[in-house]
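Have a look at the structure below before the remarks.
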Amino acid sequence: MTEQQILDHISRGDETALDYLYKKYYPMMTKMVLKNNGTVEEANDVYQDALIVFWQKAISGDLKITSKISTYLYSICKNCWLKELNRKKRLSYTEQEGSIVQSDPEDIMSKVVKEAMEVLGDPCKSVLTYYYFNEMSMSEIADRMDYSNADTVKAKKYKCKKRLDVLIKKNYTQEDFFN
Amino acid sequence: MKQGDQEEAIAQYLTQQMTEVERSAFEQKISESPQLAQKIKFEKLIAEGIKNYKKGILKSRLNQLELGSSIGETTSITTKIALSTMTVLVLGGLSYFLLTPDETLVIENQETIIGIDVMTEDKNANISLEIDTTNEMMSDKKEDERTSSITKDIENTRVKVSKKQSKKGSKSDKEILQSEVEVVLPYMDGTEMSFDEPFDSLQDFSDDLMKNRAQVNSVSELEVEIEMKKSKKLKYIYVGEKLILIGDFSASPYQIIEDNTIAEKNLYLYFEQEYYALTVTSEKKALIPVRDIRLLDYLVDLRNK
């Protein structure tokens, strides 16, 4: 399969292309982490994160790739691993200093959103992830989900987001995250 | 600004869907309103939460993948050799069935295979099987070359096997061996496939192809009929040797792809950049595009040839 064919599959949201890339470059990418003091778990984690970053960029049309996919993916992997090493270093320093590590608001919100998303039905999950993760336009979502037009999607997205907000605000307020 | 409009504007701002002008106007508003700034911060957290939710789904998908059979770019030569050897075993099995027992091909001292190429040609009633094997070893010793050839008629089928093996000494650290198999079957439908698919990335799918790749003609001809309808939804009926396509097929030409193998016959439709698998059905069935990336890849290859 050519690189262009892979990118075409990704732009259509074909997740088997993600599987294909994951398998294809798994040894190459994880080796880099393993050779730089990472564990197998960390290597897997970093490679998956990097691949998802690549996937999201490609699917949202933000990707302007001038090199081979493997080269690009490798550089994302490397950055992810450096970021993780820095995080570990900071964490170890904080632990030595005896400071209390506060939970990250993003982590808390991710848990809250995950629970709320599970309560929403499949169409809402799809509309919201297509909009926020894939950054697809209303008309693209309409095509993908077989809705009659962009306005229908817009109304659907509004309703789904409202339902999500209600579920989140059941237990949390805006202030809980910032005070 | 209405509540709904403001929320829509925030969503557009967070998903980079505003134009430059809209963006700077909106940022001006944010700078003037701490409440709006706080709200955007909160909405940003929710948007990140949705993204992380999808990331979590994708990660669990990846975690479930079997990596044991995956062969990456850095696959060692040993693995490639093993895969290639398996391929030869499959081809050996094929030749066993095509030859009578006393003519079964024996390949001596075969150790490594790097490339295999199978092609079909000729539409006459002959089968010709040629295996060309070269084994090279780096050495200073003299070259020893042997060539063998077998030709046999089986019913209306001519089978020809030729083997060439060249050896150079034993102090080797690099081995190259090439095999070439040519199969010409009684009647071909025009579709042709190659064995140049990389073994390292599509191993399991390639194995399926190996088993079935030698093509045989399915004999009967397909009758295609179109029932024009203005509806966008495409349907079909496929029964016996008759295929009825229902829908608006007027916009562009379509192609029927017959994939005939020893094991089975598969029918596909190519229409407006999409491939559809056609299964036998006497009821109207919706045409659903093929999404399996490996099958698509295979069909693209098949169609291009």
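Sequences listed follow chains A and B, in order.
When the first sequence is numbered by our numbering, its final residue is 179 and no position is left out of the sequence of numbers.
When the second sequence is numbered by our numbering, its final residue is 1305 and no position is left out of the sequence of numbers.
Using N, Cα and C, we set each Cβ at its ideal position, and we do this for glycine too.
*Cβ of Leu1058(B) less than 8 Å from any chain A Cβ?*
yes
*asked:* Quick check on DSSP: helix, strand or coil for Leu1245(B)?
replied: strand
*Is the Cβ of Pro105(A) closer than 8 Å to any Cβ of chain B?*
yes
*Residue nearest to Gln976(B) in terms of C-alpha spacing, selected from Tyr1238(B), Lys1044(B) and Tyr1275(B)*: Since the first and last residues shown for chain B are 1001 and 1305, residue 976(B) lies out of range.
*Taking Lys57(A) and Leu51(A) to be in contact with their CB atoms under 8 Å, please state how far apart those CB atoms are, rounded to whole angstroms.*
The Cβ separation is near 11 Å, so there is no contact.
_The beta strand (DSSP E) that contains Thr1281(B), what's its start and end?_
Thr1281 to Ala1286
*Kindly give me the distance between the Cβ atoms of Cys160(A) and Leu120(A), rounded to whole angstroms, as I take these residues to be in contact under 8 Å.*
6 Å
*Take Ala1277(B) and list the residues in its own chain whose beta-carbon comes closer than 6 Å to its own, dropping the five residues that flank it on each side.*
Tyr1268 and Val1290
*Identify whether Ala1047(B) lies in helix, strand or coil by the three-state DSSP scheme.*
helix
*Is the CB of Tyr74(A) under 8 Å away from at least one CB in chain B?*
no
*Count the other CB atoms within 10 Å of the CB of Asn171(A); is the residue buried (16 or more) or exposed (fewer)?*
exposed
*CA-CA distance, Arg1158(B) and Asn1266(B)?*
At Arg1158(B), the pLDDT of 38 sits below 50, so the modelled position is not reliable and the matter cannot be decided from this model.
*asked:* Rounded to the nearest angstrom, what separates Glu1020(B) and Ala1011(B) at their Cα positions?
replied: 15 Å
*Flag this pair as yes or no: are the beta carbons of Lys1059(B) and Gln5(A) separated by less than 8 Å?*
no
*Give the DSSP bridge partners of Met1228(B), in chain order.*
Gly1247(B)
*Output, in chain order, the set of chain D residues within a Cβ distance shorter than 7 Å of Gly1247(B).*
The chain inventory of the structure shown lacks chain D, comprising the protein chains A and B.
*For Leu1269(B), which residues does DSSP report across the bridge?*
Ile1256(B) and Tyr1276(B)
_By DSSP's criteria, Glu1223(B) is part of a beta bridge. Which residues make up the other side?_
Lys1242(B)
*Taking the CB atoms as reference points, tell me whether Val113(A) and Lys156(A) lie closer together than 8 Å.*
no
*Going along chain A in order, which residues have a C-beta closer than 7 Å to the C-beta of Lys1285(B)?*
Going along chain A, no residue has its Cβ under 7 Å from Lys1285(B), so there is no contact; the nearest lies around 18 Å.
_Amino acids of chain B, ordered along the chain, whose beta-carbon sits closer than 8 Å to that of Asp14(A)_ = Arg1291 and Ile1293
_Assigned exposure category for Glu1027(B) - 16 Cβ within 10 Å defines buried_ = exposed
*Starting from Leu18(A), follow the alpha helix (DSSP H) in both directions and report where the run begins and ends.*
Thr16 to Lys35
*asked:* To the nearest angstrom, how far is the alpha carbon of Val1239(B) from that of Lys1285(B)?
replied: 12 Å
*Give every residue of the same chain whose Cβ lies closer than 6 Å to the Cβ of Asp176(A), excluding the five residues on either side of it in the sequence, and list them in chain order.*
none
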